[in-house]
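Residue numbers (the working numbering), protein chains in the order written: chain L, 55 to 395; chain A, 415 to 718. The beta carbon of each residue, even a glycine, is placed where N, CA and C say it ideally should be. Computed from a predicted model, the values in this text were never measured in an experiment. What follows is a set of notes on a single structure, which appears directly below.
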């Protein structure tokens with residue numbers, strides 16, 4: 055049971071830390087502005103209501119929060135512990151050298167002799183997710199500008215729901231569309247078989263579009279009105295206002311969105327696995343079969359026996375994904391701190 | 415406040431560790447009880463066998479003789495199935511390769527505890543894109559293609575087109591069967607080749623990619639791909655039964671030790687002529703009792 059459930063929990067976990075953070079990212083600048091404008095107002099009428107059932111409410115709220123928090127912490131700790139204990143066993147129990155794992159280019163866990171070079175997967179993961187962000191970011195920024203500055207009404211009522219709808223489509227659908235539309239298209243236009251990093255990046259760029267767009271849109275609509283009005287008052291055109299005062303002001307928030315998008319792309323498994331080709335090699339072109347960390351895990355996890363080196367090494371790849379997610383979250387935190395300043 | 419936090423964190427940590435510890439505990443699924451034929455059976459493993467086992471399980475549960483038994487079928491892959499049956503989490507582990515091909519070296523003892531029940535035979539055929547003009551490959555040509563010595567179809571008698579290999583991941587049971595009985599040697603993970611685990615995707619890619627070659631179980635074959643003969647022998651159920659076509663594998667249902675009564679009833683039900691002639695054959699497998707040859711795990715073929 056554990057074996058079948060764990061990978062799926064983990065892969066959805068990859069996206070989950072991203073989910074709460076966007077809200078946080080945008081709510082923080084908002085708090086700052088509301089604190090400045092309203093000052094200490096709300097505290098004026100509160101004490102009366104507070105006295106009535108203070109102790110009961112206080113106790114209930116505290117307990118409830120504590121329970122929720124401890125459930126969360128237990129879950130997270132268990133997942134990290136599980137992945138780490140399995141992933142580290144590769145190096146401590148099976149004696150695979152870490153250097154070979156990180157820098158080797160030959161992946162043959164069932165070969166004679168066995169080799170465990172994960173570099174092709176690491177490069178594959180970075181190349182697809184960064185390329186996806188490069189495709190997606192300009193589209194998302196333009197969509198955000200369109201929705202907040204150019205046509206706010208149409209944007210709010212039609213375009214934003216449509217883009218957010220993209221987030222709700224199951225990844226297997228993206229994979230299948232990629233396999234049926236994007237791969238044949240790339241095959242007919244470029245040399246190669248169509249499968250590869252380019253196909254993976256295109257599929258991922260559509261998948262991460264809602265993340266980046268939503269964060270950029272929220273950041274732009276939360277800007278203080280004075281900023282825009284001041285710019286217009288100085289005689290700036292609309293384009294000058296957007297490019298000289300709005301964009302610089304929301305840049306850190308937009309970068310947060312891009313990093314979260316990359317994190318999501320990094321952890322996406324199924325859709326990428328269907329269109330990337332899965333050859334365990336560093337490809338010579340964007341249109342040649344390649345692999346990512348997630349694709350090799352999904353391909354082999356069910357076929358390997360728990361506790362064997364072939365299985366443990368997949369958990370090491372999962373541990374690496376987990377570590378990368380932590381790094382991405384750390385980057386987001388740093389960016390947020392900068393945007394608050 | 416700080417103290418409360420500290421206490422809470424300690425508690426959380428303790429609970430976490432406790433939760434992890436219990437993971438290795440015994441989590442048997444309450445298998446068949448002592449009171450005759452009732453209980454629940456969990457069969458997990460090979461996704462390729464899942465449709466067959468599911469279909470037979472539904473018939474089994476509909477049978478009034480066995481109304482006290484519920485059978486649950488899960489996928490997860492051959493490796494997962496073998497792991498779970500060996501750890502006692504599942505009653506039956508479905509696998510498309512022999513258990514001792516998966517449990518190697520230090521784990522070899524685990525394979526000895528498992529009892530093999532062969533319930534069907536699946537045959538595989540080499541398939542190519544429909545544009546390829548040739549319809550036969552010798553074993554040597556096949557080896558040359560899958561080890562990268564031959565990269566163009568004209569070298570094996572076809573038109574001038576690049577060969578695109580659609581392989582399976584190196585952990586796949588289907589690939590092991592193909593390598594062992596079709597090639598007789600391991601194939602290479604060549605740069606630029608494609609690897610897919612799902613037969614549906616393999617079929618789609620071979621059907622659409624010019625110059626593609628792959629291999630599929632007979633149950634997946636249709637008009638979108640072209641079947642190739644191997645050394646002049648076509649992959650048909652009759653050739654497999656007679657032992658003239660080599661690329662086939664048993665479908666195993668492993669139990670840990672001898673099965674209990676409920677599990678045994680299900681396995682016997684699976685082997686009845688009725689099931690073998692209808693469900694097994696309909697789903698593209700070959701009935702186990704129609705095989706005229708047997709083969710052990712070292713690949714030695716014996717006429718029945």
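C-alpha distance - residue i paired with residue j, whole-angstrom precision
i	j	result
residue 335 of chain L	residue 527 of chain A	38 Å
residue 720 of chain A	residue 247 of chain L	Here chain A has residues from 415 to 718 only, and residue 720 of chain A is not among them.
residue 108 of chain L	residue 114 of chain L	10 Å
residue 681 of chain A	residue 551 of chain A	38 Å
residue 169 of chain L	residue 214 of chain L	48 Å
residue 698 of chain A	residue 577 of chain A	28 Å
residue 549 of chain A	residue 717 of chain A	29 Å
residue 502 of chain A	residue 670 of chain A	7 Å
residue 687 of chain A	residue 498 of chain A	29 Å
residue 575 of chain A	residue 625 of chain A	6 Å
residue 89 of chain L	residue 116 of chain L	In this predicted model, residue 89 of chain L has a pLDDT of only 42, less than 50, meaning its place in the structure is not dependable enough to derive any value.
residue 653 of chain A	residue 144 of chain L	44 Å
residue 294 of chain L	residue 175 of chain L	43 Å
residue 707 of chain A	residue 185 of chain L	54 Å
residue 316 of chain L	residue 346 of chain L	14 Å
residue 128 of chain L	residue 140 of chain L	18 Å
residue 81 of chain L	residue 208 of chain L	Because residue 81 of chain L carries a pLDDT of 41, less than 50, the predicted location of this residue cannot be relied on, and the following value inherits that uncertainty. Whole-angstrom Cα-Cα distance: 24 Å.
residue 685 of chain A	residue 381 of chain L	54 Å
residue 313 of chain L	residue 391 of chain L	14 Å
residue 705 of chain A	residue 598 of chain A	22 Å
residue 154 of chain L	residue 376 of chain L	20 Å
residue 181 of chain L	residue 147 of chain L	31 Å
residue 355 of chain A	residue 322 of chain L	Residue 355 of chain A falls outside the range modelled here, since chain A spans only 415 to 718, and no answer is possible.
residue 240 of chain L	residue 126 of chain L	43 Å
Per DSSP, cross-strand counterpart(s) of residue i
i	result
residue 641 of chain A	A:541
residue 628 of chain A	A:541
residue 531 of chain A	A:667
residue 459 of chain A	A:490, A:508
residue 703 of chain A	Bridge partners of residue 703 of chain A: none, in fact.
residue 608 of chain A	A:580
residue 716 of chain A	A:708
Residue i and residue j closer than 8 Å at C-beta
i	j	result
residue 659 of chain A	residue 644 of chain A	yes
residue 581 of chain A	residue 559 of chain A	no
residue 642 of chain A	residue 542 of chain A	yes
residue 358 of chain L	residue 368 of chain L	yes
residue 534 of chain A	residue 466 of chain A	yes
residue 700 of chain A	residue 657 of chain A	no
residue 183 of chain L	residue 301 of chain L	no
residue 178 of chain L	residue 344 of chain L	yes
residue 233 of chain L	residue 260 of chain L	no
residue 249 of chain L	residue 331 of chain L	yes
residue 603 of chain A	residue 162 of chain L	yes
residue 561 of chain A	residue 629 of chain A	no
residue 354 of chain L	residue 585 of chain A	yes
residue 202 of chain L	residue 271 of chain L	yes
residue 256 of chain L	residue 340 of chain L	no
residue 510 of chain A	residue 462 of chain A	yes
residue 529 of chain A	residue 648 of chain A	no
residue 291 of chain L	residue 194 of chain L	no
residue 544 of chain A	residue 640 of chain A	yes
Member of the options whose CA lies at the smallest distance from the CA of residue i
i	options	result
residue 537 of chain A	A:596, A:639, A:690, A:627	A:596
residue 711 of chain A	A:652, A:610, A:513	A:513
residue 200 of chain L	L:380, L:360, L:297	L:297
residue 151 of chain L	L:198, L:138, L:172	L:172
residue 226 of chain L	L:329, L:333, L:382	L:329
residue 231 of chain L	L:327, L:384, L:363	L:327
residue 224 of chain L	L:124, L:188, L:205, L:262	L:262
residue 627 of chain A	A:505, A:566, A:655	A:566
residue 222 of chain L	L:265, L:378, L:208	L:265
residue 305 of chain L	L:389, L:378, L:133, L:240	L:389
residue 587 of chain A	A:494, A:702, A:545	A:494
residue 606 of chain A	L:131, L:148, L:361, L:333	L:333
residue 187 of chain L	L:308, L:364, L:299, L:360	L:308
residue 650 of chain A	A:695, A:703, A:476, A:589	A:695
residue 299 of chain L	L:149, L:229, L:111, L:285	L:285
residue 458 of chain A	A:663, A:492, A:476, A:469	A:492
residue 703 of chain A	A:662, A:655, A:668, A:638	A:655
residue 274 of chain L	L:320, L:385, L:204	L:204
Three-pair Cβ contact test at 8 Å for the stretch 454–474 of chain A versus the stretch 486–496 of chain A: yes
Three or more C-beta pairs below 8 Å linking the stretch 666–678 of chain A and the stretch 686–693 of chain A: no
Touching by the beta-carbon criterion (3+ pairs, under 8 Å), the stretch 348–363 of chain L and the stretch 114–123 of chain L: no
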